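So the structure is just underneath, and the comments pick up after that.
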Amino acid sequence: MTTESELLIDKAYVAGQWRDGVRRFVVTNPATGEVLAEVADLTAEEVREAVAAAEAAWPAWRRTTAKVRAALLRRWYEAIMAHQEALARLMTLEQGKPLAESRGEVAYGAAFVEYYAEEAKRVAGETLPSHGVDKRILVFREPIGVVAAITPWNFPLAMITRKCAPALAAGCPVVIKPAEATPLTALALARLAEDAGFPAGVINVVTAAHPAEIGEVLTTDPRVRKISFTGSTPVGKTLLAQCAGTVKKASMELGGNAPFIVFDDADLDAAVEGAVASKYRNSGQTCVCTNRLLVQAGVYDTFVEKLAARVGELKVGNGLEDGVAQGPLINAAAVDKVQSHIADALEKGGRLVCGGEPHALGGTFFEPTIIADVTEEMRVARDETFGPLAPVFRFETEEQAIAMANATEFGLAAYFYARDYRRIWRVMEGLEYGMVAVNEGILSTELAPFGGVKESGLGREGSRHGLDEYTELKYVCVGGL
Ligand code: ADP
């Protein structure tokens, strides 16, 4: 079996070649502070070369048959799953998440490659009724062209495959700019794609420690036709503005402020399990993680008590150790943000139920925290914490819960637990969110369209809708018949 060290690569991947950069940057293990690798830190000029390589690969790539692209994707999928354990260990080393979650992410990320291997064969155009007896209307679905994917550190593998698999299936070459904290998983993925047989230039990985410089190249180069970004809302807004100059298409998967609503009629034990899964997964560092728990007055105290008992069981530690449910946070800035949200809530009258402090393990480990009696004046009501803090708000009526849930500029994921079927329909329809989970704590799957409304983003990833993001329609009018 391959080990993680055999998949550990410190070179960027451009035009089918593994390249040392002029500069390098350090990748560390957030659980131990240990240096894992010094990775090629590409310059703007080197990134332009990657764009040129993708552009050069495009004409041949778009002309391959769907069957050929499907077979390559399928081989990549099989390679990823054959190396699931090594990829998972590498991911835990650079990202910190528990090994069980890393294994889950490898399978989840690979599922996008499998899905789009199948979907590649279904990128169909259409013929439409025409506007004249001597004319015909044909609609082709064509690949959009070179795609730049800028991805975050919280899902080092799945955020790449969720963008690249549909792009490749559609016939687009890709330039991937992984997060500087987690380039190793991206490079290992590229190695497996190379082994699967993708032609040179079709997949490029540009590792870099200066994202603004690279982002500028990718958003302003006219050869890049599409940007797909997952990350923070401020960076997304900057990239969107930069895309305006070349009228580039953009998909943006940005921040959230997910409400998790528990109604009086909910199954409380199921709600507690759902809340733990959606709040503390990846130490609270996902864009669909619950940010605000809204609990109806009649079950408030019981829910908080049950949640505290369950959260008390979460083992914090190095993700490689057995039984660990929560790893370290990604860096010191992440810890500062959690601490500032806790301090603000406690200052304004919040009640600390458990946790609240950096963990005794030191580093960036943090105690899973619950604060009760939280109000809308507190920062946690508006800002995404991106850490293991569960603030519990109280509400009285269903209308109030929906209003509180929607009182944010974000609109990514929302969760609620209830049993009354009429209430379920009312709330489901009342929530202004791209995704709603009813009596479920986890909703991501390659089979469904993932994405947000309002300032949470543009476009969808996953399902057949995820492929549309990488195609353009060409209308052809055939006349004189
Ligand atoms: P987070 O706060 O979760 O780290 P970011 O939005 O900063 O989220 O990072 C997501 C991705 O965006 C990473 O790959 C990062 O390198 C990249 N990034 C950050 N700033 C910029 C920028 N100004 N231009 C382009 N990419 C950027």
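One point on numbering: in UniProt numbering, the residue at position 118 of the sequence shown is 118, and numbering is uninterrupted. Beta carbons: idealized from backbone N, C-alpha and C, even for Gly. Note that the structure is predicted; figures quoted are calculated from it, not measured.
Under a 10 Å Cβ-count criterion, D10 is classified as buried, with 16 or more other Cβ atoms of the shown protein chains found around its own Cβ.
Setting aside the 5 residues that flank it on each side, P166 is surrounded in the same chain by Y116, G466, L467 and Y470, each with a C-beta closer than 6 Å to its C-beta; the list follows chain order.
Sequence-distant partners of C477 (beyond 5 residues in either direction) whose C-beta falls short of 7 Å from its own C-beta, in its chain, are K135 and I137.
Not one heavy atom of ligand 1 lies closer than 6 Å to the C-beta of G245. Closer than 6 Å to some heavy atom of ligand 1: that describes the Cβ of S232. Assignment of beta-bridge partners to C477 by DSSP yields I137.
G215 has its Cβ nearer than 6 Å to a heavy atom of ligand 1.
Between the region 1 to 21 and the region 189 to 208, the count of C-beta pairs closer than 8 Å reaches three or more; the two stretches touch. Membership of Y280 in the alpha helix (DSSP H) is indicated by the continuous run L268 to Y280. With a cutoff of 6 Å, A212 counts as near ligand 1, since its C-beta is closer than that to a heavy atom of the ligand. Within the same chain, L72, W76 and L168 come within 8 Å of F198 by CB-CB distance, once the 5 residues on both sides are set aside.
Under the 8 Å Cβ criterion, the region 387 to 402 counts as touching the region 290 to 308, having at least three qualifying pairs. If you check the CB distance, D265 and D420 come in under 7 Å. Taking 7 Å as the cut-off, the Cβ atoms of T286 and N154 count as close. Between T185 and M91, the C-beta spacing is below 7 Å. Distances from the alpha-carbon of G109 to those of D383, A120, A88 and T28 put A88 closest. Note that the region 117 to 131 does not touch the region 426 to 442; fewer than 3 beta-carbon pairs, one per stretch, sit closer than 8 Å. Taking 6 Å as the cut-off, one finds no heavy atom of ligand 1 near enough to the beta carbon of V22. For P388, the shortest separation between its Cβ and any heavy atom of ligand 1 does not lie below 6 Å. Counted as a single uninterrupted DSSP element, the alpha helix (DSSP H) harbouring C243 occupies residues T233 to C243. The region 210 to 227 makes no contact with the region 378 to 386: fewer than 3 CB pairs, one atom from each, lie closer than 8 Å. Scanning the region 69 to 139 from its first residue to its last, the whole alpha helix (DSSP H) runs of 4-plus residues come out as 84 to 95 and 99 to 119. Comparing C-alpha distances from P183 to each of A258, T28, S340 and A309 shows the shortest one belongs to T28.
At a cut-off of 6 Å, the beta-carbon of P152 counts as near ligand 1: some heavy atom of the ligand is closer than that.
Closest option to A66, judged by alpha-carbon separation, among L254, A56, E142 and E213: E142. For the region 161 to 213, the full-length alpha helix (DSSP H) segments reaching 4 residues or more read 183 to 196 along the chain.
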